[in-house]
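Residue numbers (this note's numbering): 77 to 529.
Contents: one structure, followed by commentary.
Set out below in structure tokens:
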């Protein structure tokens, strides 16, 4: 049979594509294959994230309306929901449901198929819609756990920074970097300190979970890379890039190959370390004056490594490298080969002053942290989570967390909710308000991918 297909874009009017009817004769009615057309009323405004719109279809054949047909509505992309997944057409051959978009400003798709036909044709009548959901000026970030209260009770100053989910299923736990070690935040928000032994960890800046349940961490206080086994034993594993000492290591990720990937924005380097041989496999050098220094990392499903860069002038006390407020934050992707790094490509430039953490959802949309500052008045302008849409590569805003500064993001695991995006806060003296450490989260409706593999 011939299929009717509709595409709906939030910024454009709705339109239906209908097929010509097959005629009937007086002696022998030939009703032809059932067909389905869109009869949705166009929305008055562009559809934003979280919006609800009514979707209606009309099932018919050449002999007229077809009542009693079961129409199945299914969200196929973007994490939204429908009020009724299966609706039976009325006497007029129509079926209606409500479609609520998810909170993520990404491509969202809905399909409808008339599968409840008495005499099923070779192909069920089908309609498809898609919406490019527009972002809202603000988004609802919720506090998760009283990390600030816990640290104050301990009497610790300094900032929180990175976060990671360790373990699978119901045993998954959220771990975050904190002054003098690591915190664990249970699914109910209870905060405890992880017991560590062996070498001290002064400032756990970057954290990554290995496949064996162990952790890798950047100790920014000592400019070292440490390994933390499942029992909490800490061992220093890397202090240099193979040639010169690390200066300001920041972020860390474990690749699908088991290698450990480290960024040192102050050196302008992305470092690949083989823990089995204790050797640096390769170093990718960035021009800090034009590209910034590398920071956050995340592996895509395509096996490539994606990362953010940041202006290093203020961060690394590198006056003269660039202007301190130059918008050097960019998104890059680099090939990972069997022997090192391959070609590197900038996917988006001029995103802000500082680029930080990033995370993929399961539909390959990429969520990126970017900060902009007014250094003349030493003030934060915005701390954004941006989204790079998978299909188009377009970058749009998800939220602005200012006056809080977001450092890193990760999707929940197990009891934390795999469709919830978690964000760790960074406290910067004189730039952010006091008592702004801890965790925030937002429900997006789309499952996420792990940062490390």
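Every residue gets a Cβ at the ideal spot worked out from N, C-alpha and C, and that includes glycine.
Remember, it's a predicted structure, so these values are computed and weren't measured experimentally.
- Our two residues, residue 502 and residue 154, have alpha carbons roughly 29 Å apart in a direct line.
- Following the DSSP letters along the chain, one finds residue 223 in no beta strand (DSSP E) but inside the alpha helix (DSSP H) bounded by residues 223–230.
- Residue 235 counts as buried, since no fewer than 16 other beta carbons sit within 10 angstroms of its beta carbon.
- Under the criterion of beta carbons closer than 8 Å, residue 438 and residue 520 do not qualify as touching, at roughly 11 Å.
- For residue 459, the secondary structure class from DSSP, reduced to helix, strand or coil, is strand.
- The alpha-carbon of residue 518 is positioned some 9 Å away from that of residue 179.
- Residue 355: member of the beta strand (DSSP E) spanning 355–361, first to last residue.
- Apart from the 5 residues on each side of it in sequence, residue 395 sits with its Cβ closer than 7 Å to the Cβ of 389 in its chain, given in chain order.
- Excluding the 5 residues flanking it on each side, residue 167 has same chain C-beta neighbours closer than 8 Å at 141, 143, in chain order.
- Where residue 384 is concerned, the enclosing beta strand (DSSP E) starts and stops at 381–386.
- The DSSP-derived three-state label of residue 282 is strand.
- In this structure, residue 131 and residue 205 form a Cβ contact; the two beta carbons are roughly 7 Å apart against a cut-off of 8 Å.
- Annotated three-state conformation of residue 418 is strand, per DSSP.
- According to the DSSP assignment, residue 399 belongs to no beta strand (DSSP E), since it is labelled neither H nor E.
- Per the coordinates, the alpha-carbon of residue 512 lies some 17 Å from the alpha-carbon of residue 449.
- Annotation for residue 452: no beta strand (DSSP E) segment contains it, and DSSP assigns it neither H nor E.
- A direct Cα-Cα distance of roughly 20 Å separates residue 322 from residue 257.
- Along the length of the stretch 497–522, whole beta strand (DSSP E) runs at least 3 residues long occupy 514–519, reported in chain order.
- When rounded, the separation of the alpha-carbon atoms in residue 313 and residue 300 is 8 Å.
- By the CB criterion at 9 Å, residue 210 and residue 201 fall outside the cutoff.
- The beta-bridge partner set that DSSP reports for residue 430 consists of 386, 447.
- Judged by pairs of C-beta atoms under 8 Å, the stretch 271–280 touches the stretch 238–255, as three or more such pairs exist.
- Going by DSSP, residue 176 is part of the beta strand (DSSP E) stretching over 170–176.
- Setting aside the 5 residues that flank it on each side, residue 305 is surrounded in the same chain by 290, each with a C-beta closer than 7 Å to its C-beta; the list follows chain order.
- With 16 or more other Cβ atoms from the protein chains shown falling within 10 Å of its own Cβ, residue 360 counts as buried.
- Across the set 137, 133, 127, 122, the C-alpha of 137 shows the shortest separation from the C-alpha of residue 110.
- DSSP places residue 120 in the coil class of the three-state scheme, outside both helix and strand.
- Listed in chain order, the non-local C-beta contacts of residue 267 below 7 Å within the same chain comprise 221, 222, 223, 226, 259, 261, local neighbours out to five positions each way being set aside.
- Residue 419 and residue 411 have their C-alpha atoms some 6 Å from each other.
- Nearest C-alpha to residue 320 among 181, 135, 249, 356: 356.
- The DSSP-derived three-state label of residue 247 is helix.
- Taken atom to atom, the span from the alpha-carbon of residue 108 to that of residue 172 is near 24 Å.
- With 16 or more other Cβ atoms inside 10 Å of its own Cβ, residue 464 counts as buried.
- Each of 337, 514, 284 was checked against the Cα of residue 228, and the nearest Cα belongs to 514.
- At a Cβ-Cβ threshold of 9 Å, residue 456 and residue 391 do not count as neighbours.
- Out of 342, 341, 336, 362, the CA that lies nearest to the CA of residue 350 is found in 336.
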